[in-house]
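> Going by the working numbering, the letters in the sequence shown line up with residues -5 to 289, in that order. C-beta: ideal position from N, C-alpha, C; glycine also. What you are looking at is a predicted structure, and each value in this text was computed from that prediction instead of being measured. My structure is below; once you've seen it, I'll send some questions.
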Amino acid sequence: MVDYKTWLKDINDNTKLSQLSIPGTHNSAACHTALPSVQCQGATVTEQLEHGVRFLDIRVGKLFFGEDVKDLQVIHGKFPVKLPFPLKLTDTLNEVYQFLANNQSETVLVSIKQEGSDDWDNSKDEFGKLIWEKYVNPNKERWYLNTDIPRLRDARGKAVLFRRFGVQDEQLRNQFGFSASSWTYNTTDDDRGQFVVQDFCEVNSTDDVPKKIDYVKNLAKRAQDYTSSNDDKLFLNFTTGSYFFDRQCWPEPIAKAMIEGNIHETFKKGVGIIVLDYAETDDWKLPKALVDSNF
């Protein structure tokens, strides 16, 4: 019987994260009261981690009110994930730190992306340096910050930074986590060398849902074929997609469609990171299936 809270403790220390099947969540902290189209999860970050999720997708931007731009809030697109008061990045990261402190056998890939206002001067690494100086460097012992894909023995008890923002400063870049700063928008299969992505997100009608399901299955199969003999690529496979003007294409119905489309039948060992909306659907069916496939 798998203990989903500590499932990595039963995986060999020498295993690279790229060789596993890892449940992830999309807009992981978007589980609070917010605009209906903003919410992507029905369970908290801590609950997700306790049910086996090991990849968190966190999007952040400047606070809408107040003078302190050095205090970032979690957002989805241009909208806060929590109303009426903002959810600060510090609070979300503290959930991760607390979980890892209590479960030293585990590791969590933490994806951080800048969204919202576009008034950052990234030619001077304004966003990256803020993340480094305020959030990462003061907690350096809690992070795995090498630029490679870690083996479990090196990542246990730590958050692995999956950096979805560019850094110009080479010295900083070389100590600032796994670089995943860009991929092709709405891609069905984008190989960036160290990682491969399926992120077809423009599900503009219910007619697009079967296509999306096929894209998820196809990349899962490709990942499994590749990782059965290689460990140098991380496969990132988004099950998510939405269209604001059609309620049937909002995150929750798409999440249910993924289960009805039997994507779990393609889950074998080494299918990579499968990124989910409403991960708790059907008693955490998809996270459990992913975790189970590792054994």
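1. With a 10 Å radius around its C-beta and 16 neighbouring C-beta atoms as the bar for buried, classify residue 197 as buried or exposed.
2. Alpha carbon to alpha carbon, how far is residue 16 from residue 1?
3. Rounded C-beta distance between residue -2 and residue 45? I'm assuming under 8 Å.
4. Which of helix, strand or coil does DSSP assign to residue 206?
5. On the DSSP bridge assignment, give the partners of residue 261 in chain order.
6. Please confirm if the stretch 150 to 164 is in contact with the stretch 93 to 112, defined as three or more CB-CB distances below 8 Å between the two stretches.
7. Under DSSP, the alpha helix (DSSP H) around residue 287 begins and ends at which residues?
8. Could you pull the start and end residues of the alpha helix (DSSP H) that residue 132 belongs to?
9. Residue ranges of each beta strand (DSSP E) run of no fewer than 3 residues wholly in the stretch 17 to 65, ordered along the chain?
10. Using beta-carbon positions only, say whether residue 320 and residue 269 come within less than 8 Å of one another.
11. Going along the chain, which residues of its own chain have a beta-carbon closer than 6 Å to the beta-carbon of residue 14, five neighbours each way excluded?
12. Mind reading off the beta-carbon distance from residue 225 to residue 12? Whole number of angstroms is fine, and I expect it under 8 Å.
13. In angstroms with no decimal places, state the Cα-to-Cα distance between residue 157 and residue 135.
14. Which ranges would you report for the alpha helix (DSSP H) in the stretch 141 to 180 if only whole runs of at least 4 residues count?
15. Where residue 28 and residue 267 are concerned, what is the direct C-alpha to C-alpha distance, given to the nearest angstrom?
16. Starting from residue 123, trace the alpha helix (DSSP H) in both directions and tell me its first and last residue.
17. Have a look at residue 279 and residue 177 and give me their C-alpha separation to the nearest angstrom.
18. Starting from residue 90 and walking both ways along the alpha helix (DSSP H), at which residues does that stretch end?
19. Can you list, in chain order, the residues of its chain whose CB lies under 8 Å from that of residue 170, leaving out five sequence neighbours each side?
20. CB-CB under 8 Å to residue 166, same chain, minus the five flanking residues each way: which ones, in chain order?
21. Is the number of C-beta pairs between the stretch 67 to 85 and the stretch 36 to 53 that are closer than 8 Å three or more?
Taking the coordinates as given:
1. The residue in question, residue 197, is buried, as its Cβ has 16 or more Cβ neighbours within 10 Å.
2. Near 11 Å, if we compare the C-alpha coordinates of residue 1 and residue 16.
3. Contact flag correct, Cβ pair sits at about 5 Å.
4. In the structure shown, residue 206 sits in a helix (DSSP, three-state: H, G or I).
5. As DSSP reads the structure, residue 261 sits in no beta bridge.
6. Three or more Cβ pairs closer than 8 Å define a contact, and the stretch 150 to 164 meets that threshold against the stretch 93 to 112.
7. According to the DSSP assignment, residue 287 belongs to the alpha helix (DSSP H) that extends over 275 to 287.
8. Here residue 132 belongs to no alpha helix (DSSP H), and DSSP marks it neither H nor E.
9. Complete beta strand (DSSP E) runs here, min 3: 49 to 56.
10. Only positions -5 to 289 of the chain appear in the structure, and residue 320 is not among them; the question remains open.
11. The residues are 288.
12. Going by Cβ atoms, the distance from residue 225 to residue 12 rounds to 5 Å, so yes, they are a contact pair.
13. Going by C-alpha positions, residue 157 is about 17 Å away from residue 135.
14. Counting only runs of 4 or more, we get 146 to 149, 164 to 167.
15. Rounded to whole angstroms, residue 28 to residue 267 spans 27 Å at the Cα level.
16. Taken as a continuous stretch (DSSP letters only), the alpha helix (DSSP H) holding residue 123 covers 120 to 124.
17. If I take the Cα positions, the gap works out to 29 Å.
18. Its alpha helix (DSSP H) spans residues 83 to 96.
19. Excluding the 5 residues flanking it on each side, residue 170 has same chain C-beta neighbours closer than 8 Å at 122, 126, 130, 139, 141, 155, 157, 161, in chain order.
20. The answer, listed in chain order, is 119, 122, 123, 126.
21. Output reads yes: the stretch 36 to 53 touches the stretch 67 to 85.
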